[in-house]
Structure formats: structure tokens, C-alpha cells
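Peer 1:
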Amino acid sequence: MSIKSDRWIRQMAEQHKMIEPYESEQVRYSGDQRVISYGVSSYGYDVRCADEFKIFTNIHSKTVDPKNFDNDAFVDIKNDYCIIPPNSFALARTVEYFRIPRQVLTICLGKSTYARCGIIVNVTPLEPEWEGHVTLEFSNTTNLPAKIYANEGVAQMLFFESDQVCETSYADRNGKYQGQTGVTLPKT
0 MSIKSDRWIR QMAEQHKMIE PYESEQVRYS GDQRVISYGV SSYGYDVRCA
50 DEFKIFTNIH SKTVDPKNFD NDAFVDIKND YCIIPPNSFA LARTVEYFRI
100 PRQVLTICLG KSTYARCGII VNVTPLEPEW EGHVTLEFSN TTNLPAKIYA
150 NEGVAQMLFF ESDQVCETSY ADRNGKYQGQ TGVTLPKT
């Protein structure tokens, strides 16, 4: 298995629509405004989060249970940014839609800009032949409110290509998160 470079990412995005929308260069400015970078990098792709957020709240005294998840545990926000309460978390989704090739495993990691502020992005795999918008999990590990910006870079995808095609892909298993398009809550 080998990590893939910017050249490979460009080829897969342009020829196989692996990432849509796709930025072929690292974007650091929007107009004259500086943004947290997104787009292709040397050995990965920096994704943006959309303007849809689910912020964890305890106003209904809910228990977070992955087998019986209650949507009342979150407040839905649509905005250019999200304020995550201290020691809490929020969910968002990528702007980009992914179509992972059968011989590729993709890993989502947080960007250091946010990590240096105490905001951690959950490490998430995108399995071979998985497709959809990635649901991102942000943890605010500080005792202060933390801000996440929509339409700016929030995480990096690393692509690993195997010299063998997997026997059973995510699509073959009819994975429960296949084709997700919004912020997707846990399913069992």
C-alpha cells in the first residue's frame, strides 16, 4: 500500500470524479479574504465543511446512545460558522462528495490550524467504494467556546492505494452510510 501524491489525486478527481467539487490547487484566499486552506496538497486533499451543523446540547437531558440515537440531542444550525460550546462537539459534512475507488483506502485527519486551538476532528476511514459527503465530528477540548468556519479547510484526506483490489468493498456490503448527502447521525 502506498500513499498517493497530488498528481495521482488530480488524475483521479478529473478522470473518475473521485472528489466533487474539486480544487486542483491549494486555495488560501477567497477574494481578498484569507481563508483556512483547502484543495489539493502534496500528499492529500484538504476538505471544507458545509454550512450545516448539528451542535450537541444537553437541554433535553438526553443520553448519547449509538444504538438508539435521539436527534433532540442536537441543535441544527445553518450558518457561515459554528460556535461549539466548551467541552462539547458538533457534526458537519464536507462540501466535497467522494467516490472512493475499490483499491483505495482514505483516512480523514484534522488540520493543525484547528488542532492548535483545541479543536479535534475525529479520524475517520473512507473504505473502498464508499461514496457520499463525509460527516465530520469536531470536539472542542477547551473550556472556551470554539469557532468552525464553513466553506474553509477543516480536515485533510490521505489516499492509500493497494497493489491488490479488496475482496469485499463497502458497496458490496451495502454499508449503512453509503451515499449519504447530509450530516448523518449514527445508524445501527
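Mapping of the sequence shown onto numbering that gives the first Met the number 0: residues 0 to 187, in sequence order.
Beta carbons: idealized from backbone N, C-alpha and C, even for Gly.
Which residue wins for smallest C-alpha separation from ALA12, given the options LEU184, THR187, THR140, TYR96?
Peer 2: As a position in the sequence shown, residue 12 is number 13, starting the count at 1. Measuring from the Cα of ALA12, the nearest candidate turns out to be TYR96.
Peer 1: Using only the alpha-carbon positions, how far apart do ILE2 and ILE106 sit?
Peer 2: In the sequence shown, residue 2 corresponds to position 3, counting from 1. In the sequence shown, residue 106 corresponds to position 107, counting from 1. Near 11 Å, if we compare the C-alpha coordinates of ILE106 and ILE2.
Peer 1: What is the rounded straight-line gap between the Cα of ASP75 and the Cα of GLY181?
Peer 2: For the purposes of this step, residue 75 is taken as residue 76 along the sequence shown, with counting starting at 1. For the purposes of this step, residue 181 is taken as residue 182 along the sequence shown, with counting starting at 1. Roughly 12 Å separates the two Cα atoms.
Peer 1: For CYS116, which residues in the same chain have their Cβ closer than 7 Å to its Cβ, ignoring the five residues on either side in sequence?
Peer 2: For the purposes of this step, residue 116 is taken as residue 117 along the sequence shown, with counting starting at 1. So the qualifying residues of the chain are ALA145.
Peer 1: Assign GLY109 to one of two classes, buried (16 or more other C-beta atoms within 10 Å of its C-beta) or exposed (fewer than that).
Peer 2: Your numbering for residue 109 matches position 110 in the sequence shown. Under this definition GLY109 is a buried residue.
Peer 1: So, are the CB atoms of SER168 and GLU128 less than 8 Å apart?
Peer 2: Along the sequence shown, one-based indexing puts residue 168 at 169. Along the sequence shown, one-based indexing puts residue 128 at 129. Yes, these two residues count as a Cβ contact at 8 Å.
Peer 1: Is VAL133 closer than 8 Å to ARG92 when the C-beta atoms are compared?
Peer 2: Counted from its first residue, the sequence shown places residue 92 at position 93. Counted from its first residue, the sequence shown places residue 133 at position 134. A contact, by the Cβ cut-off of 8 Å.
Peer 1: For GLN177, does the three-state DSSP call read helix, strand or coil?
Peer 2: Position 178 of the sequence shown, counted from the start, is the residue given in the question as residue 177. Looking at GLN177 - three-state DSSP - the assignment turns out to be coil, as it is neither helix nor strand.
Peer 1: Please name the residue in GLN163, LYS175, MET156 whose C-alpha comes closest to that of SER4.
Peer 2: In the sequence shown, counting from the first residue as 1, residue 4 sits at position 5. For the residues GLN163, LYS175, MET156, the minimum Cα distance to SER4 belongs to MET156.
Peer 1: Would a C-beta distance cut-off of 8 Å place ASP79 and ASP50 closer than the cut-off?
Peer 2: Residue 79 sits at position 80 when you count from the first residue of the sequence shown. Residue 50 sits at position 51 when you count from the first residue of the sequence shown. Contact: yes.
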